[in-house]
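Chemist:
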Amino acid sequence: MAIDIYKINPEFRDIMPQEILDLEEKATWAENAVKPRGIKELPETKELLEEHSLCAGCPEAAALRYVLSALPKPEETIIVNSTGCTSLMFPHIALHTVHSLFGNQNAVATGIKRVLDWRFPDTEKDVVVLAGDGATVDIGLDYTLQSFFRQENITTICFDNEVYANTGGQESGATPKGQVFKMAPTGKKFEKVKMWELAVTSGCHYSINMTASAPKAVAKAVREAILIAREIGPTFLNIYTPCILEIGLNANEGLREMKEQDKERFASFKYVSPEAEEFLVKCKEEGRL
Amino acid sequence: MSKITDMTKTHNWSGQKLVTADHLLFDAPREKHFMTGSEVLKEAVKRCTVDASVSYPITPQSEAAHLIGELWAEGYVGVYFRGENEFGVMSEVAGCAMAGARTITTTSGPGTLRAMENFAQWSGTRIPCQLILMARGINSPLTIQPDNLEVSYMLETGCQIWYAENVQELFDMSIAAFIVAEKPDVHVPIITVVDGFFVSHTREAVMLPADDIALFPYEPYKSPLPPIDSETPPGRFLRDPFVMKSNYISYATHASWQWEVRSAVERSRPYAKHFLNGLVHVTGEEDAEIAFVTCGTASNQAKEAHRELMKLGIKTKVIKLRTIRPFPTEELIEALEGVKNVFVPEFNVVGWLEKEVKTALYKKSDADVVGGPRVAGGMSMPAEAIIQEVMEKINPGKGA
Ligand SMILES: Cc1ncc(C[n+]2csc(CCOP(=O)(O)OP(=O)(O)O)c2C)c(N)n1
Ligand code: SF4
Numbered sequence: 001m002a003i004d005i006y007k008i009n010p011e012f013r014d015i016m017p018q019e020i021l022d023l024e025e026k027a028t029w030a031e032n033a034v035k036p037r038g039i040k041e042l043p044e045t046k047e048l049l050e051e052h053s054l055c056a057g058c059p060e061a062a063a064l065r066y067v068l069s070a071l072p073k074p075e076e077t078i079i080v081n082s083t084g085c086t087s088l089m090f091p092h093i094a095l096h097t098v099h100s101l102f103g104n105q106n107a108v109a110t111g112i113k114r115v116l117d118w119r120f121p122d123t124e125k126d127v128v129v130l131a132g133d134g135a136t137v138d139i140g141l142d143y144t145l146q147s148f149f150r151q152e153n154i155t156t157i158c159f160d161n162e163v164y165a166n167t168g169g170q171e172s173g174a175t176p177k178g179q180v181f182k183m184a185p186t187g188k189k190f191e192k193v194k195m196w197e198l199a200v201t202s203g204c205h206y207s208i209n210m211t212a213s214a215p216k217a218v219a220k221a222v223r224e225a226i227l228i229a230r231e232i233g234p235t236f237l238n239i240y241t242p243c244i245l246e247i248g249l250n251a252n253e254g255l256r257e258m259k260e261q262d263k264e265r266f267a268s269f270k271y272v273s274p275e276a277e278e279f280l281v282k283c284k285e286e287g288r289l
Numbered sequence: 290m291s292k293i294t295d296m297t298k299t300h301n302w303s304g305q306k307l308v309t310a311d312h313l314l315f316d317a318p319r320e321k322h323f324m325t326g327s328e329v330l331k332e333a334v335k336r337c338t339v340d341a342s343v344s345y346p347i348t349p350q351s352e353a354a355h356l357i358g359e360l361w362a363e364g365y366v367g368v369y370f371r372g373e374n375e376f377g378v379m380s381e382v383a384g385c386a387m388a389g390a391r392t393i394t395t396t397s398g399p400g401t402l403r404a405m406e407n408f409a410q411w412s413g414t415r416i417p418c419q420l421i422l423m424a425r426g427i428n429s430p431l432t433i434q435p436d437n438l439e440v441s442y443m444l445e446t447g448c449q450i451w452y453a454e455n456v457q458e459l460f461d462m463s464i465a466a467f468i469v470a471e472k473p474d475v476h477v478p479i480i481t482v483v484d485g486f487f488v489s490h491t492r493e494a495v496m497l498p499a500d501d502i503a504l505f506p507y508e509p510y511k512s513p514l515p516p517i518d519s520e521t522p523p524g525r526f527l528r529d530p531f532v533m534k535s536n537y538i539s540y541a542t543h544a545s546w547q548w549e550v551r552s553a554v555e556r557s558r559p560y561a562k563h564f565l566n567g568l569v570h571v572t573g574e575e576d577a578e579i580a581f582v583t584c585g586t587a588s589n590q591a592k593e594a595h596r597e598l599m600k601l602g603i604k605t606k607v608i609k610l611r612t613i614r615p616f617p618t619e620e621l622i623e624a625l626e627g628v629k630n631v632f633v634p635e636f637n638v639v640g641w642l643e644k645e646v647k648t649a650l651y652k653k654s655d656a657d658v659v660g661g662p663r664v665a666g667g668m669s670m671p672a673e674a675i676i677q678e679v680m681e682k683i684n685p686g687k688g689a
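Chains as they are written, first to last, in the working numbering: chain F, 1 to 289; chain H, 290 to 689.
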């Protein structure tokens, strides 16, 4: 376990912006060493630098903060990400992350998780995949589903913005039918892929479809999913984080868009397998949730 | 199943006594066995304290992958499973190695190409994993014939590339490969190539050390980049934003990183020289004016041609290249002193080795390089084909 994940070179300390100092002193892991923390501490803590590389107001940034704040053991967590807007955030957090390639995130995560279980049989080390919808349901679908089939003990989180944002707005499998995007000049031809349903039929013990409109709900889902993945098997979260740029919204309109979609395409879907259900009850009794 | 916690200072988790690489490769007494290349790879892996292996079937390497699975079932390998396809396998290998495991996998021809993006990722992340490439032709049309076309695609991935001629060399090389790849100042992946079928499926006499000894385990904390195991702070290259930005510093950083990967491959030379007994092996007549520059089983065919040409009173020598990356330029130039004609017999249609040789010798040698003979699609290369090439060159129009 490494608490010194993010250390500023003492020589540079006096010229560092305050928010970089904050990331060292108030990052997700810092308090965790002494007391478990969560979403409530978010206003006082630092998960992500404000000067990250996403567009101003991009809901992915807020959603990432909720995810990080909910990790049960951040200092023992490795996040595997994939090329896309999502990957741009990871250089600006204080956690162990791996940029894999575009689409192979669940395969890389599999290798990491299996070896960590082999090398550290007495330590719980969590491996979490976090990638865009293009990475999850298109180029990486095979690897995503196969990791579910193989019952890998990892949590997969898809930041579903219904578009390939990083390459300038092309349709993805998660784009709603009829939506016009670059490379879908006459509208997308097939229905949005219901990845959360595929996750269930492919063997996930926990699958959720939601938006990132409610921080507490996101944090709860993340924590449950990671605990279940640790003990029981693969878990999946599909979280709507709209690309405000590609759908033409202003920086302050992301939240409203998510709230509207809470009743539409992202109307709450939650599946918990009977074993996972039983395990969650136990976790609650033990105060782990 | 044996557990990593069963490991002691003197014995690995499967109870084998831990020995140095020098002991295993040079000093330990050896006994004669009669084995195929696939079987001998199992024997090599058995003596390497391997943490992880991921597999996927493709002829001709499937058997080797099966046998590594058997080793896992017997408790010699820590983690083993079949991946979903080669892109998945090479990604899983990347994950295993990043997490601090001594990792090996095997593939052939089309599997190599399907996984291509991963090899540059392997070298870019400086993992010292090993790929045993049992080379085979590239589709289409569908083929399972021995051919080594895919090696040309691998040359610029930033990985080390070694080439074994026969079953014995495959055994010794695949052990040495881990040692050299894992040196902290090298620490880049290594691809150990053999010509599929010709080596994987040929049974030969081989000398093997006892199987109750094995290499010391991999030490991930000696890696130039911290392993991804959350025990130490993460490597900056995985977390810094520089390569994502379009500015001079990010270009310079990416450029220097690529040079560093290639420098790491260069730094493997002295280690490879030691563990392989030289980067090139030269046989034949020292004062020959005709030389064959070869790798893999083409070396064997060239040696046969050499013996036949000797009967005709024509002196030749065979310079077998054992490392292709790094390319043994100095050794080659030295071995070519006094040579007037160089032939490069190859088991592929593009002549990638000829291009390598010509690039290395450009303005450094006066020898005339003839590309060939070259066979493709799994055709064998009889010594007569090599002899004919020589005779046509030195005796134009008259043939062999
Ligand atoms: C093999 C490969 N193909 C294509 C690309 C180009 N590419 C980079 S990011 C991206 C789209 C990412 O979309 P998504 O996963 O939905 O993430 P987002 O950017 O929307 O967060 C594409 C196509 C690539 N990097 N690698
Ligand atoms: S392009 Fe879209 S998804 Fe990417 S950072 Fe901007 S708003 Fe977010």
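Heads up, the beta-carbon is just placed ideally off N, CA and C, and yes, glycines get one too. No experiment lies behind these values; they were computed from the predicted model shown.
Considering Cα atoms alone, identify which of F:Val180, F:Gly169 and F:Asn106 is closest to Phe148 of chain F.
Modeler: Numbered from 1 along the first sequence, position 148 holds the residue referred to as residue 148 of chain F. The shortest C-alpha separation from Phe148 of chain F is found at F:Asn106.
Chemist: For Ser669 of chain H, count the other beta carbons within 10 Å of its own beta carbon; 16 or more makes it buried, fewer makes it exposed. Which is it?
Modeler: Looking up residue 669 of chain H in the second sequence gives position 380. The residue is exposed, with fewer than 16 neighbouring Cβ atoms inside 10 Å.
Chemist: Check whether the Cβ atoms of Gln146 of chain F and Pro234 of chain F sit closer than 8 Å, and answer yes or no.
Modeler: Here the question's residue 146 of chain F lines up with position 146 in the first sequence. Here the question's residue 234 of chain F lines up with position 234 in the first sequence. Their beta carbons are not under 8 Å apart, which means Gln146 of chain F does not touch Pro234 of chain F by this criterion.
Chemist: Of all Cβ atoms in chain H, is any one closer than 8 Å to the Cβ of Ile112 of chain F?
Modeler: Here the question's residue 112 of chain F lines up with position 112 in the first sequence. Interface residue, yes.
Chemist: Give the interface partners of Asp142 of chain F over in chain H, defined as CB-CB distance under 9 Å, in chain order.
Modeler: Along the first sequence, read from residue 1 onward, the residue named residue 142 of chain F stands at position 142. Going along chain H in sequence order, the residues near Asp142 of chain F (Cβ under 9 Å) are Glu373, Asn374, Phe376 and Gly377.
Chemist: Below 7 Å on C-beta distance, what does Ile78 of chain F contact in chain H?
Modeler: As a first step, residue 78 of chain F must be located in the first sequence, where it is residue number 78. Chain H residues near Ile78 of chain F: Ile517 and Ser519.
Chemist: How would you list, in chain order, the residues of chain F whose beta-carbon sits under 8 Å from the beta-carbon of Gln410 of chain H?
Modeler: Counting from one through the second sequence, the residue named residue 410 of chain H turns up at place 121. Within chain F, the residues near Gln410 of chain H are Ser100 and Leu101.
Chemist: Assign Gly168 of chain F to one of two classes, buried (16 or more other C-beta atoms within 10 Å of its C-beta) or exposed (fewer than that).
Modeler: Counted from its first residue, the first sequence places residue 168 of chain F at position 168. Burial call: exposed.
Chemist: Taking 7 Å as the cut-off, is the beta-carbon of Ala165 of chain F closer than that to any non-hydrogen atom of ligand 2?
Modeler: Counted from its first residue, the first sequence places residue 165 of chain F at position 165. Indeed, a heavy atom of ligand 2 lies less than 7 Å from the Cβ.
Chemist: Give me the subset of the stretch 471 to 484 of chain H whose CB atoms are less than 8 Å from a CB atom of chain F, sorted by chain position.
Modeler: Residues passing the 8 Å Cβ filter: none.
Chemist: Classify His96 of chain F as helix, strand or coil using the three-state DSSP reduction.
Modeler: Looking up residue 96 of chain F in the first sequence gives position 96. Here His96 of chain F sits in strand by DSSP.
Chemist: What residues in the stretch 291 to 302 of chain H bring their beta carbon closer than 9 Å to a beta carbon of chain F?
Modeler: Result list: Lys292, Ile293 and Thr294.
Chemist: Taking only the alpha-carbon atoms, compute the straight-line gap between Glu275 of chain F and Lys194 of chain F and give it to the nearest angstrom.
Modeler: By one-based count along the first sequence, residue 275 of chain F stands at place 275. By one-based count along the first sequence, residue 194 of chain F stands at place 194. Near 23 Å, if we compare the C-alpha coordinates of Lys194 of chain F and Glu275 of chain F.
Chemist: Would you check if there are 3 or more beta carbon pairs closer than 8 Å linking the stretch 218 to 236 of chain F to the stretch 252 to 264 of chain F?
Modeler: Contact fails: fewer than three Cβ-Cβ distances are below 8 Å.
Chemist: Using a threshold of 7 Å, is the CB atom of Glu246 of chain F nearer than that to any non-hydrogen atom of ligand 2?
Modeler: On the first sequence, position 246 is the one that residue 246 of chain F refers to. It does: the Cβ of Glu246 of chain F is within 7 Å (strictly closer) of some heavy atom of ligand 2.
Chemist: Run the CB neighbour count on Val366 of chain H, radius 10 Å, all protein chains shown included, and call it buried at 16 or more, exposed below.
Modeler: Mapped onto the second sequence, residue 366 of chain H falls at position 77. So Val366 of chain H ends up on the buried side.
Chemist: To the nearest angstrom, how far is the alpha carbon of Pro573 of chain H from that of Cys385 of chain H?
Modeler: As a working mapping, residue 573 of chain H is identified with position 284 in the second sequence. As a working mapping, residue 385 of chain H is identified with position 96 in the second sequence. Note that residue 573 of chain H is Gly in the sequence shown here, rather than Pro. Looking at the two C-alpha atoms, the distance is approximately 44 Å.
Chemist: Got a sec, what are the start and stop residues for the beta strand (DSSP E) Leu610 of chain H sits in?
Modeler: Locating residue 610 of chain H in the second sequence gives position 321, where the first residue counts as 1. Start and end: Thr605 to Leu610.
Chemist: With a cut-off of 8 Å, does the C-beta of Ile5 of chain F fall near any C-beta of chain H?
Modeler: Walking along the first sequence from the start, residue 5 of chain F turns up at place 5. Closer than 8 Å to some Cβ of chain H, the Cβ of Ile5 of chain F qualifies, so yes.
Chemist: Using a C-beta cutoff of 8 Å, does Ala649 of chain H count as contacting chain F?
Modeler: Residue numbering aside, residue 649 of chain H sits at position 360 when the second sequence is read from its first letter. Not closer than 8 Å to any Cβ of chain F, the Cβ of Ala649 of chain H fails to qualify, so no.
Chemist: The alpha helix (DSSP H) that contains Gln457 of chain H, what's its start and end?
Modeler: By 1-based counting over the second sequence, the position of residue 457 of chain H is 168. It spans Val456 to Ala470 - the alpha helix (DSSP H) in which Gln457 of chain H sits, taken as one unbroken run.
Chemist: For Asn9 of chain F and chain H, any beta-carbon pair shorter than 8 Å?
Modeler: Sequence index remark: in the first sequence, residue 9 of chain F carries index 9 (1-based). It does not: the Cβ of Asn9 of chain F has no partner Cβ on chain H nearer than 8 Å.
Chemist: Helix, strand or coil: which one does DSSP assign to Val334 of chain H?
Modeler: Here residue 334 of chain H is taken as the residue at index 45 of the second sequence, counted from 1. Val334 of chain H falls in the helix class under three-state DSSP.
Chemist: May I ask you to check if the CB of Cys58 of chain F is nearer than 7 Å to at least one heavy atom of ligand 1?
Modeler: Against the first sequence, residue 58 of chain F aligns to sequence position 58. No, since every heavy atom of ligand 1 falls outside the 7 Å radius drawn around the Cβ of Cys58 of chain F.
Chemist: Going by other Cβ atoms of all chains shown within 10 Å of its Cβ, with 16 needed for buried, is Pro430 of chain H buried or exposed?
Modeler: By one-based count along the second sequence, residue 430 of chain H stands at place 141. Exposed: under 16 other Cβ atoms inside 10 Å.
Chemist: Taking DSSP as the reference, what is the three-state secondary structure of Gln410 of chain H?
Modeler: Looking up residue 410 of chain H in the second sequence gives position 121. Reduced to three states, the DSSP call for Gln410 of chain H is helix.
Chemist: Would Asn153 of chain F count as contacting chain H if we go by Cβ distances under 8 Å?
Modeler: In the first sequence, counting from the first residue as 1, residue 153 of chain F sits at position 153. By this cut-off, Asn153 of chain F is not an interface position.
Chemist: How close, in whole Å, do the beta carbons of Thr338 of chain H and Arg391 of chain H come, if the pair is a contact with beta carbons under 8 Å?
Modeler: Numbered from its first residue, the second sequence carries residue 338 of chain H at position 49. Numbered from its first residue, the second sequence carries residue 391 of chain H at position 102. The Cβ separation is near 7 Å, so the contact holds.
Chemist: Can you find a C-beta in chain H that's less than 8 Å from the C-beta of Ala135 of chain F?
Modeler: Looking up residue 135 of chain F in the first sequence gives position 135. False, the Cβ-Cβ gap to chain H never drops below 8 Å.
Chemist: Going by CA-CA distance only, name the one from F:Ile232, F:Ser100, F:Tyr206 and F:Val128 that's closest to Pro74 of chain F.
Modeler: Position 74 of the first sequence, counted from the start, is the residue given in the question as residue 74 of chain F. Checking every option, the nearest Cα to that of Pro74 of chain F belongs to F:Val128.
Chemist: Within 8 Å (strictly less), CB to CB, does Pro506 of chain H reach chain F?
Modeler: The residue you call residue 506 of chain H lines up with position 217 of the second sequence. Closer than 8 Å: no.
Chemist: Using a C-beta cutoff of 8 Å, does Ser327 of chain H count as contacting chain F?
Modeler: Reading the second sequence from its first residue, position 38 is the one you call residue 327 of chain H. So, not an interface residue.
Chemist: Does the stretch 502 to 519 of chain H come within contact of the stretch 308 to 322 of chain H, defined as at least 3 CB pairs closer than 8 Å?
Modeler: The stretch 502 to 519 of chain H vs the stretch 308 to 322 of chain H: in contact.
Chemist: Measure from the C-beta of Lys125 of chain F to each C-beta in chain H and report whether the shortest distance is under 8 Å.
Modeler: The residue given as residue 125 of chain F occupies position 125 in the first sequence. At least one chain H Cβ lies under 8 Å of Lys125 of chain F.
Chemist: Between Gly187 of chain F and Gly178 of chain F, which are expected to be in contact by the criterion C-beta below 8 Å, what is the C-beta distance as a whole number of angstroms?
Modeler: The residue you call residue 187 of chain F lines up with position 187 of the first sequence. The residue you call residue 178 of chain F lines up with position 178 of the first sequence. Yes, they are in contact, since the Cβ atoms of Gly187 of chain F and Gly178 of chain F sit about 4 Å apart, within 8 Å.
Chemist: Does the stretch 109 to 121 of chain F come into contact with the stretch 158 to 166 of chain F, if we say contact requires no fewer than three beta-carbon pairs (one atom in each stretch) closer than 8 Å?
Modeler: No: the two stretches stay apart, fewer than three of their Cβ pairs being nearer than 8 Å.
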